[in-house]
Amino acid sequence: MVTEIESQKSSLSDIKDMNVNKEIVLTPEEEILRKSYLKKIDLRILPVIVLLYFANSLDRSNIGTASINGLYSYLKFSTSQQGNVISLFTIFYLAFEAPANMLLKKTKPRVWFSFIVTAWSLSTFYLAFATSANLFILGRCLIGIFEAGFTPGIAAYLPYWYTRKELGSRMAVFFIALPLSGIVGGPIAGAIFFNFERYQGIFFIEGLATIFIGILTYFIMHDYPDTSKFFTPKEKELAVRRITGDQGLASKAKISRKQTLNAFKDWKIYVFSFICFGPNNSLILLSYFGPTIIAGMGYTNTAATFMSGIPHACGAVTMIFAILFLNRIQLSKLYLICIPVEILGACLCAFVSKPAVRLLGLCLVAAGTNPLIPASMTWMSTNAGSVPKRMVSTAIYTTIAGLAGFVSPYMFTRKYAPDYYLGHTFNLVMLALSLQAHRRQVTNFKYIYMQIFEYLCIKTTLAIAKFLNTIEFPRHLLISSIKLGQFPKPMSVGYGDSSEPENN
17 MVTEIESQKS SLSDIKDMNV NKEIVLTPEE EILRKSYLKK IDLRILPVIV LLYFANSLDR
77 SNIGTASING LYSYLKFSTS QQGNVISLFT IFYLAFEAPA NMLLKKTKPR VWFSFIVTAW
137 SLSTFYLAFA TSANLFILGR CLIGIFEAGF TPGIAAYLPY WYTRKELGSR MAVFFIALPL
197 SGIVGGPIAG AIFFNFERYQ GIFFIEGLAT IFIGILTYFI MHDYPDTSKF FTPKEKELAV
257 RRITGDQGLA SKAKISRKQT LNAFKDWKIY VFSFICFGPN NSLILLSYFG PTIIAGMGYT
317 NTAATFMSGI PHACGAVTMI FAILFLNRIQ LSKLYLICIP VEILGACLCA FVSKPAVRLL
377 GLCLVAAGTN PLIPASMTWM STNAGSVPKR MVSTAIYTTI AGLAGFVSPY MFTRKYAPDY
437 YLGHTFNLVM LALSLQAHRR QVTNFKYIYM QIFEYLCIKT TLAIAKFLNT IEFPRHLLIS
497 SIKLGQFPKP MSVGYGDSSE PENN
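Position in the sequence shown (from 1) plus 16 gives the number in this note's numbering.
Have a look at this one:
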């Protein structure tokens, strides 16, 4: 990066001649102006995108709550259809991400986001009236198409307003809606189900609420800093000058075929996307299958619905720490801390039988996953270069990392209940691969540190399991099972999807 010191003010007419990747040194008066206009942006931009992401997470992940509250039995889902309802959603979501981000550049943000939020909310509302499994899956595919433009779109939209140094903590604030929706989403869905007695109420009420949010978006969202009217003239001049010098002005940028090809040919995007595959798989596990996994631990379906917010609450705590320190910590160090925590939690979920310990493992997975999501998106968004390349590269990243949503759903069907060993093992392997891929990018000292940390994680997990005497397959039982030619079948209650009334 080339750093250039500018001691004199540049007028707005000179901005179009400036190159990006320039750090502008501010006078004391300009520093006061910077703090002033940033406060105005924070108060007008961040609450809107947090509200939108809350609606996005609510409509996307309510399938997990509905699945254990009568959906599969009422619409007679087969085992393959249980996987298809999320897998096909993911395919359509991934297929439309890159085109959606290109469309964002061709239209105003308030128009684009209002349209897609309203469209996926109407699709969610439709799910309440689907009369067969195939029609329900069709509705989920429509949600995937319209939601495809949201997360990569916001990742491209935030740099319209902030320089790269300012972006990290704001991206984390945006993603705080993810654990918040998980915390309140379960209890809300549980309360709706309790009053309506069928899963349809979840989609009816939540779809109706987010339709209102989608329409409201058009009136409360701002498009670009150079067209906004809440700045003073001096604040606008400084904001536009700093953003233009840092990475280019979005309202003036145009997507060309050359810039698109440059994004697709950048190998670093693909490597980083693969590194993020493991944490993203953990996110999918928490968002879509949290209630299912908790029910498989032996809790009733009603209890699992309300308890699904507990792991997300742990994730919210670590996300708050990410907001405070994201601009001060290197991304590589964050991965060194968070992925081993996820691995430890995944081991507890997979190889321990006591429900409380397995729930602790799920909380550790959430605590390790949540800080990595905004950090990864921030890294991709701020290092892509120009505005057009950023839009394409962000869509490529979310597409590759999102492939986890195509594979995992088939490992959490009723066929693998109640323990879902295959799904947890797959998550564990993907996290280990992400850590190994990341290790190639670090120094020898960090390599040694990671070897020690991985060893300690494994030893700690086994020590906890031995101490609690909760290993699913103790050696003597495993040998006896092999002699009998079959493995013991663990007993659990309250998992999966049942139309039977629960005994509370």
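Even glycine gets a Cβ: it sits at the ideal position worked out from N, Cα and C.
In this text, all values refer to a predicted model and were calculated from it rather than measured experimentally.
Contact test: residue i Cβ vs the ligand NAP heavy atom, cutoff 6 Å
i, result
"I161", "With respect to small molecules bound, the structure shown includes none, and the ligand NAP cannot be examined in it."
C-beta contact flag for residue i and residue j at 7 Å
i, j, result
"Q216", "A320", "no"
"A542", "G165", "Any answer about residue 542 is impossible in this case: the structure gives the chain only from 17 up to 520."
"A71", "T226", "yes"
"N278", "K122", "no"
"F422", "T106", "yes"
"L93", "A149", "Sequence check: residue 93 is Phe here, not Leu. The answer is yes: Cβ separation under 7 Å."
"E358", "T385", "yes"
"L74", "F152", "no"
"W128", "L138", "no"
"F219", "T140", "yes"
"P434", "I102", "no"
"P307", "L378", "no"
"H440", "A372", "no"
"L375", "G361", "no"
"W177", "I310", "no"
"G202", "F280", "no"
"P125", "A332", "no"
"S77", "S303", "yes"
"T233", "S130", "yes"
"F305", "G80", "yes"
"I204", "A329", "no"
From the options, residue whose alpha carbon lies closest to that of residue i
i, options, result
"G169", "S96, I65, G377 and T226", "I65"
"S185", "F246, S450 and A391", "A391"
"I300", "L183, F141, G201 and A382", "A382"
"M237", "V133, I153 and I159", "V133"
"A193", "N85, T147 and L68", "L68"
"F337", "F129, P63, F162 and A188", "A188"
"I355", "A453, S303, L196 and A332", "A453"
"V408", "R374, K250 and M396", "M396"
"Y286", "F246, L419, S348 and L59", "L419"
"A411", "S289, L451, V101 and I199", "S289"
"Y142", "G223, I102 and G198", "G223"
"S89", "I161, L449, T441 and R430", "R430"
"F341", "P387, R50, I159 and Y315", "P387"
"S450", "F235, E251, C365 and L352", "L352"
"G86", "I389, R374 and N317", "N317"
"K252", "T233, L49, D282 and E45", "L49"
"I84", "R214, A146 and F190", "R214"
"F228", "V200, R180, A135 and F246", "A135"
"Q97", "L154, Y413, M118 and K250", "L154"
"L350", "M313, L364, I389 and C363", "I389"
"G99", "A146, M118 and R156", "R156"
"G160", "E47, K284, L174 and L104", "L104"
"I416", "A114, L59, I339 and K51", "A114"
"L59", "E47, F162 and F190", "F190"
DSSP-derived helix/strand/coil call for residue i
i, result
"V41", "coil"
"P249", "helix"
"S497", "Unreliable positioning characterises S497 in this predicted model, as indicated by a pLDDT of 35, which lies under 50. A coordinate reading is not provided."
Enclosing alpha helix (DSSP H) for residue i [first to last residue]
i, result
"A319", "N317 to M323"
"F162", "A149 to E163"
"N117", "E113 to K122"
"N296", "F293 to G312"
"T140", "P125 to L143"
"M187", "R180 to F191"
"A346", "Rather than Ala, the amino acid found at residue 346 in this sequence is Gln. Counting along the chain, Q346 falls outside any alpha helix (DSSP H), and DSSP gives it neither H nor E."
"F233", "Rather than Phe, the amino acid found at residue 233 in this sequence is Thr. Q216 to I236 is the span of the alpha helix (DSSP H), which, as asked, contains T233."
"G421", "A420 to V423"
"L87", "L87 to Y90"
"A172", "T167 to Y173"
Report yes or no: do three or more beta-carbon pairs, one from the segment 228 to 241 and one from the segment 251 to 259, lie closer than 8 Å? Yes: the two stretches touch, three or more of their Cβ pairs being nearer than 8 Å.
For the 8 Å Cβ check, are there 3 or more pairs between the segment 54 to 61 and the segment 293 to 309? The answer is no - the segment 293 to 309 does not touch the segment 54 to 61, with fewer than three Cβ pairs under 8 Å.
Cβ contact (3+ pairs, closer than 8 Å) linking the segment 103 to 110 and the segment 436 to 447: They do not touch, by the three-pair rule.
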